[in-house]
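**Q** Take this structure first; my questions come after.
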Amino acid sequence: MATSTPIPFFQQVYNLVQTVPPGKVTTYGALAKALHTKDARRVGQALHANPDANKTPCHRVVFSDGRLAPGYAFGGPNEQLRRLQLEGVTLTQEGKVDLSAHLYRFPASI
DNA sequence: CAAGTGACAATAA
DNA sequence: TTTATTGCCACTT
Numbered sequence: 014m015a016t017s018t019p020i021p022f023f024q025q026v027y028n029l030v031q032t033v034p035p036g037k038v039t040t041y042g043a044l045a046k047a048l049h050t051k052d053a054r055r056v057g058q059a060l061h062a063n064p065d066a067n068k069t070p071c072h073r074v075v076f077s078d079g080r081l082a083p084g085y086a087f088g089g090p091n092e093q094l095r096r097l098q099l100e101g102v103t104l105t106q107e108g109k110v111d112l113s114a115h116l117y118r119f120p121a122s123i
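Taken in order, the first sequence gives residues 14 to 123; the numbers are from the numbering used here.
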C-alpha cells in the first residue's frame with residue numbers, strides 16, 4: 014500500500030536530535046551522516062526552523078570544531094551555552110565544547 | 001514552476 | 001594561523 018508518507022528531512026533531523034541524551038553533544042556533520050546525507054547545512058536549517066526548542070535540544074548540536082552556533086533562535090548563543098553548562102557539558106578555554114568527552118555516537122542507523 | 005535561502009564542512013591561499 | 005571560497009541539497013517564497 015502504499016501511501017506511506019515520506020518523512021520530511023527536517024522531521025528526521027528533529028527526531029534524531031531528540032535521541033541525543035543530556036550531557037552529550039553532536040555535530041551537524043554527524044547528524045548529516047546519520048541521515049545518509051552530505052550536507053550539514055540542511056541539519057542547521059532544520060534546527061533553525063525548529064518550531065519547539067523544548068522538544069528539540071538544538072543546543073546540543075555544535076560545529077564540527079566543537080563551537081556553538083552563531084545564532085541561537087531562542088535567546089542567542091549565550092542561551093545555548095548556558096543550557097550546555099546546566100547539563101554538565103564542559104567547555105575548553107576557547108569556549109568550545111569538549112567533543113572528546115561529550116560527543117554522542119548515534120546507533121547503527123536510523 | 002523557478003529561484004533564493006541557509007545554526008555547515010572541507011579545502012585553498 | 002586565519003580568512004575566503006566552494007559544494008551541496010531540502011525548504012520557502
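Built from N, CA and C at the ideal position, the CB exists for glycine as well.
Keep in mind the model is a prediction, meaning the values are calculated, not measured.
Note down the Cα distance separating serine 113 from glycine 84, rounded to an integer number of angstroms.
**A** The alpha-carbon atoms of serine 113 and glycine 84 are separated by roughly 24 Å.
**Q** When the Cα atoms are used, what is the spatial distance from leucine 48 to glutamine 106?
**A** Answer to the nearest angstrom: the Cα atoms are 32 Å apart.
**Q** Specify the secondary structure class of valine 74 as computed by DSSP and reduced to three states.
**A** Correct three-state label for valine 74: strand.
**Q** With 16 as the cutoff for other CB atoms within 10 Å, does glutamine 24 come out buried or exposed?
**A** By the 10 Å Cβ count, glutamine 24 comes out exposed.
**Q** Measuring CB to CB, does leucine 116 end up less than 9 Å from valine 38?
**A** In contact: leucine 116 and valine 38 (Cβ atoms closer than 9 Å).
**Q** If you run the structure through DSSP and keep just helix, strand and coil, what is leucine 97?
**A** In the structure shown, leucine 97 sits in a helix (DSSP, three-state: H, G or I).
**Q** With a cut-off of 8 Å on the beta carbons, I'd call phenylalanine 76 and tyrosine 41 a contact; round off their distance for me.
**A** About 7 Å separates the two Cβ atoms, so the contact holds.
**Q** Might you give, ordered along the chain, the residues of its own chain that have their beta carbon closer than 7 Å to the beta carbon of valine 110, omitting 5 neighbours on each side?
**A** Val38, Val75, Gly79, Leu97, Val102 and Leu104, listed in sequence order.
**Q** Using a Cβ-Cβ cut-off of 7 Å (strictly less than) and excluding sequence neighbours within five positions of leucine 81, which residues of its own chain qualify?
**A** Around leucine 81: Val75, Pro90, Gln93 and Leu94.
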